[in-house]
Amino acid sequence: MHHRRTSIWLSSVAAIVASFGLLSHARSEMPKELRVSAIPDENPTELMRIYTPFAEYLSKELGIPVRYFNVVDYAATVEALAAKKLDMVWYGGFTFVQARKRTGNAIPLVSREEDLRFHSKFITRPETGIKTLADLKGKSFSFGSVSSTSGHLMPRYFLLQNGIDPERDFATFSFSGAHDATALWVESGKVDAGALNEAVWDKLVQARKIDPNKVQAFWTTPPYVDYVWTVRGDLDSALVEKIAAAFTKLNYGNPADKALLNLQRTKRYVRVKPDQFKSVEEAAGAAGLLK
1 MHHRRTSIWL
11 SSVAAIVASF
21 GLLSHARSEM
31 PKELRVSAIP
41 DENPTELMRI
51 YTPFAEYLSK
61 ELGIPVRYFN
71 VVDYAATVEA
81 LAAKKLDMVW
91 YGGFTFVQAR
101 KRTGNAIPLV
111 SREEDLRFHS
121 KFITRPETGI
131 KTLADLKGKS
141 FSFGSVSSTS
151 GHLMPRYFLL
161 QNGIDPERDF
171 ATFSFSGAHD
181 ATALWVESGK
191 VDAGALNEAV
201 WDKLVQARKI
211 DPNKVQAFWT
221 TPPYVDYVWT
231 VRGDLDSALV
241 EKIAAAFTKL
251 NYGNPADKAL
261 LNLQRTKRYV
271 RVKPDQFKSV
281 EEAAGAAGLL
291 K
């Protein structure tokens, strides 16, 4: 009787171990689809134009469907990654720091080479008389989104470094919500000056969406680390490596690859690590923006 009870107990343990094995296997299983998004730093139509081709490319590379979703605001991308409703997001450095803090394990995967030394541009209209940061005192100013690295965090940080406190020194300041909106606000006279992402500024000027006779950049920030493709920390590790490889193998000399790289205004993606974003975290703390 004792032998029979032992045998039943052992078979129960075996069943439990087997079930844990299945659960463990299920956790590392290839997802049915990869859900991708990006911080909404430009208008939704432009975001779809940029990221839909990346979804199509990744789908072919990974062998699973990849779907791109526009998200309403920066905070929503962080919450969706934490809730596992998104698997991968194109974050700014600050939003990555927030996502890492929120999830505990979000993985920074690849950045554009330019993101390792990124800048913001401060812009104004010639008739405002603004030529230096000190000239901003008493003027109206626009940042981009509250959660934007290049549209708010780093511009605010560098303003404070230069002795200018937005709350104290600007006549008024506001948040346009996106880089292209900031440029349009300055051009239209809604505000005297603003700060935005240098890549979007260059694109707007080159595409003649902004008249360079009406709006000009008067100051460029020192370099900082910015945008990064980020994945959920619990995503299958083999899949994570495949995603990283799909980006780093893009070759600017290949016409199809060049078309993709041009969408994100780069010639090469590079692997990155969490500790490379420490300076952004410190800047966010110094500017009082990291809760």
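Sequence positions in the sequence shown follow my numbering and run 1 to 291.
For each residue, glycine too, the CB sits at the ideal point set by N, CA and C.
Run the CB neighbour count on residue i, radius 10 Å, all protein chains shown included, and call it buried at 16 or more, exposed below.
{"i": "Gly151", "result": "buried"}
{"i": "Val36", "result": "buried"}
{"i": "Asp87", "result": "buried"}
{"i": "Gly92", "result": "buried"}
{"i": "Glu163", "result": "The amino acid occupying residue 163 in the given sequence is Gly; Glu does not appear at that position. Counting Cβ neighbours within 10 Å, Gly163 comes out exposed, since fewer than 16 surround it."}
{"i": "Thr172", "result": "exposed"}
{"i": "Pro223", "result": "exposed"}
{"i": "Gly177", "result": "buried"}
{"i": "Thr45", "result": "exposed"}
From residue i to residue j, what distance separates their C-alpha atoms?
{"i": "Arg102", "j": "Ala199", "result": "28 Å"}
{"i": "Ala245", "j": "Thr124", "result": "41 Å"}
{"i": "Val228", "j": "Val71", "result": "17 Å"}
{"i": "Ala76", "j": "Glu113", "result": "27 Å"}
{"i": "Glu122", "j": "Tyr157", "result": "Before going further, note that residue 122 is Phe rather than Glu in the sequence given. Taking the straight line from one Cα to the other gives about 13 Å."}
{"i": "Ala83", "j": "Asp236", "result": "16 Å"}
{"i": "Ala183", "j": "Pro166", "result": "19 Å"}
{"i": "Leu289", "j": "Lys278", "result": "14 Å"}
{"i": "Arg49", "j": "Glu42", "result": "11 Å"}
{"i": "Val79", "j": "Ala99", "result": "One detail in the question is off: residue 79 reads as Glu in this sequence, not Val. Taking the straight line joining both Cα atoms gives about 8 Å."}
{"i": "Tyr57", "j": "Leu81", "result": "21 Å"}
{"i": "Trp185", "j": "Ser147", "result": "19 Å"}
{"i": "Leu204", "j": "Lys242", "result": "33 Å"}
{"i": "Thr52", "j": "Glu33", "result": "15 Å"}
{"i": "Trp219", "j": "Ala38", "result": "27 Å"}
{"i": "Glu61", "j": "Pro155", "result": "37 Å"}
{"i": "Ile293", "j": "Val225", "result": "Given a span of 1 to 291 for the chain in the structure shown, any question on residue 293 remains unanswerable."}
{"i": "Thr248", "j": "Arg268", "result": "7 Å"}
{"i": "Val89", "j": "Leu239", "result": "15 Å"}
Assuming residue i is part of the beta strand (DSSP E), what are its boundary residues?
{"i": "Gly93", "result": "No beta strand (DSSP E) holds Gly93; the alpha helix (DSSP H) holding it covers Gly93 to Thr103."}
{"i": "Val146", "result": "Segment: none, Val146 is in no beta strand (DSSP E) and carries neither H nor E."}
{"i": "Gly194", "result": "Ala193 to Asn197"}
{"i": "Val231", "result": "Val228 to Val231"}
{"i": "Leu109", "result": "Ile107 to Arg112"}
{"i": "Gln216", "result": "Gln216 to Thr220"}
{"i": "Phe173", "result": "Thr172 to Phe175"}
{"i": "Lys121", "result": "Ser120 to Thr124"}
Over the uninterrupted alpha helix (DSSP H) stretch that includes residue i, give me the two end residues.
{"i": "Phe247", "result": "Ser237 to Thr248"}
{"i": "Ser150", "result": "Ser150 -> no alpha helix (DSSP H), and no H or E assigned at all."}
{"i": "Ser59", "result": "Pro44 to Leu62"}
{"i": "Lys278", "result": "Lys278 to Ala286"}
{"i": "Ser37", "result": "Premise fails: Ser37 lies in the beta strand (DSSP E), Leu34 to Ala38, not in any alpha helix (DSSP H)."}
{"i": "Val78", "result": "Tyr74 to Ala82"}
{"i": "Val225", "result": "Val225 -> no alpha helix (DSSP H), and no H or E assigned at all."}
{"i": "Val186", "result": "His179 to Ser188"}
{"i": "Arg156", "result": "Met154 to Gln161"}
What distance in whole Å lies between the Cβ atoms of residue j and residue i, which are believed to be in contact at a cut-off of 8 Å?
{"i": "Ser145", "j": "Phe175", "result": "6 Å"}
{"i": "Asp192", "j": "Lys139", "result": "4 Å"}
{"i": "Thr149", "j": "Val280", "result": "6 Å"}
{"i": "Leu261", "j": "Leu250", "result": "6 Å"}
{"i": "Lys137", "j": "Asp169", "result": "5 Å"}
{"i": "Ala284", "j": "Phe94", "result": "6 Å"}
{"i": "Leu196", "j": "Leu159", "result": "At roughly 14 Å, the Cβ-Cβ gap does not stay under 8 Å, so Leu196 and Leu159 are not in contact."}
{"i": "Thr266", "j": "Ser120", "result": "That belief does not hold up - the Cβ atoms of Thr266 and Ser120 are roughly 17 Å apart, past 8 Å."}
{"i": "Ala55", "j": "Tyr74", "result": "Ala55 to Tyr74, Cβ: 20 Å. No contact."}
Contact criterion: CB-CB distance below 7 Å. Does residue i meet it with respect to chain C?
{"i": "Tyr269", "result": "Here chain C cannot be found, since the structure has a single protein chain."}
### Query
Taking contact to mean at least 3 C-beta pairs separated by less than 8 Å, is the region 228 to 243 in contact with the region 210 to 219?
Judged by pairs of C-beta atoms under 8 Å, the region 228 to 243 does not touch the region 210 to 219, as fewer than three such pairs exist.
### Query
Three or more C-beta pairs closer than 8 Å, one from the region 270 to 289 and one from the region 99 to 113: is that the case here?
Under the Cβ criterion (8 Å, minimum of three pairs), the region 270 to 289 counts as touching the region 99 to 113.
### Query
If we count Cβ pairs, one from each stretch, closer than 8 Å, do we get three or more for the region 124 to 138 versus the region 245 to 259?
Judged by pairs of C-beta atoms under 8 Å, the region 124 to 138 does not touch the region 245 to 259, as fewer than three such pairs exist.
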